[in-house]
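Residue numbers (the working numbering): 107 to 398.
Positions of the beta carbon are idealized from the N, C-alpha and C atoms, including for glycine.
The next block holds one structure in the form of structure tokens; read it before the comments.
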Amino acid sequence: MERLNYNHLLYFYTVAREGSVARAGIRLGLKQPTVSSQIHAMEATFGCKLFERVGRGLRVTPTGETVFRYAESIFAIGEELVSVLDGRAGDIPKLAVGVSSSLPPALVSRLVHAVFALNPRPMLTVVEGAPEKFALQLASNSLQFALADAQPGNRALGKMHCRVLLECGVEVFAPEVLSRKVRREFPARLAGAPVLMPSSGALCREVENWLKSRKLKPEILAKTPHPETHAASAGAAIFAPSLLRESLKKHHGLLPAGELEGSRWRVFAVTAEKGTRCPGLDAVIDAASELH
Numbered sequence: 107m108e109r110l111n112y113n114h115l116l117y118f119y120t121v122a123r124e125g126s127v128a129r130a131g132i133r134l135g136l137k138q139p140t141v142s143s144q145i146h147a148m149e150a151t152f153g154c155k156l157f158e159r160v161g162r163g164l165r166v167t168p169t170g171e172t173v174f175r176y177a178e179s180i181f182a183i184g185e186e187l188v189s190v191l192d193g194r195a196g197d198i199p200k201l202a203v204g205v206s207s208s209l210p211p212a213l214v215s216r217l218v219h220a221v222f223a224l225n226p227r228p229m230l231t232v233v234e235g236a237p238e239k240f241a242l243q244l245a246s247n248s249l250q251f252a253l254a255d256a257q258p259g260n261r262a263l264g265k266m267h268c269r270v271l272l273e274c275g276v277e278v279f280a281p282e283v284l285s286r287k288v289r290r291e292f293p294a295r296l297a298g299a300p301v302l303m304p305s306s307g308a309l310c311r312e313v314e315n316w317l318k319s320r321k322l323k324p325e326i327l328a329k330t331p332h333p334e335t336h337a338a339s340a341g342a343a344i345f346a347p348s349l350l351r352e353s354l355k356k357h358h359g360l361l362p363a364g365e366l367e368g369s370r371w372r373v374f375a376v377t378a379e380k381g382t383r384c385p386g387l388d389a390v391i392d393a394a395s396e397l398h
């Protein structure tokens with residue numbers, strides 16, 4: 107493979123964020139054919155498709171999703187480098203946030219990226235892990251707060267304060283044909299239906315308990331941390347929080363097929379002490395309120 111062309115990576119990153127070549131061209135100050143040709147050149151270099159067309163827009167393929175995550179990190183580091191060379195890094199407040207690895211990336215992005223609107227803008231560090239691992243880091247102030255889909259265990263909880271940041275139901279989402287089929291006789295049509303299950307976390311436990319209580323046995327094709335990135339290509343259904351409905355349709359072409367009656371999914375903001383607040387947490391709380 108040829109060396110990575112970072113101009114191509116920037117064009118790809120911008121198209122992925124904007125959802126279309128036309129909007130990306132406007133943001134980059136380039137003509138649409140120029141952006142398209144550079145994206146095709148990048149796909150030729152990688153030997154695979156990075157985008158697929160959905161209606162009038164574009165969404166990243168599973169491989170494109172991987173490239174996007176790397177691009178996001180690369181350009182964040184680039185911005186940090188510029189700050190350091192400008193001599194401003196020492197004045198920039200630092201914000202370290204713990205994030206449960208089982209939280210959906212689309213949701214994490216919307217919540218955590220809210221801190222970028224702060225003035226001064228903090229230097230953000232995101233630490234992924236299991237909720238119970240954050241207790242010591244919060245107590246030592248290595249983390250200012252954490253976002254988790256479950257409260258820490260009893261031993262850690264005594265030292266922590268948890269507040270419900272988000273709460274919603276759980277739904278089944280699937281590609282259009284499968285969605286129509288399952289929705290027609292929901293939830294009975296889940297029996298034998300191809301599904302991708304979350305590999306861990308509160309959502310995984312909630313779904314497993316719900317299926318067991320209703321004696322439903324879908325065909326589990328795989329367990330993966332983020333099933334939404336593979337559902338369309340696998341032709342499979344997934345279980346996801348209701349508040350991701352718009353994102354799942356826009357970015358992955360997945361449509362709702364039915365709600366898991368009685369199931370609830372929550373996101374907690376965890377801090378070392380009750381009443382602990384910081385501008386970063388306030389920004390995340392405000393972003394969460396807009397998702398309700």
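In this structure, Ala338 keeps its C-beta atom at 8 Å or more from the C-beta atom of Leu327. In the assembly as shown, Asp392 is an exposed residue. Its beta-carbon has fewer than 16 other beta-carbons within 10 Å.
Of the candidates Phe157, Glu379, Ala147, the residue whose Cα lies closest to the Cα of Ser126 is Phe157.
With a contact defined as Cβ atoms closer than 8 Å, Ser208 and Val276 miss out at about 14 Å. DSSP places Arg159 in the strand class (E or B) of the three-state scheme.
Sorting Pro211, Gln138, His114, Leu361 by C-alpha distance to the C-alpha of Val232 places Pro211 at the top. For Arg311, no beta strand (DSSP E) run applies; the uninterrupted alpha helix (DSSP H) run containing it begins and ends at 308 to 319, by DSSP. CA-CA distance, Glu234 to Val205, rounds to 5 Å. In this structure, Pro226 sits near Ile198, with a CB-CB distance shorter than 8 Å. The residues Ser206, Pro237, Phe374, Val376, in chain order, have a CB closer than 6 Å to that of Ala254 in the same chain once the five nearest residues on each side in sequence are set aside. A residue is called buried when at least 16 other Cβ atoms come within 10 angstroms of its Cβ; Phe222 does not meet this threshold and is exposed.
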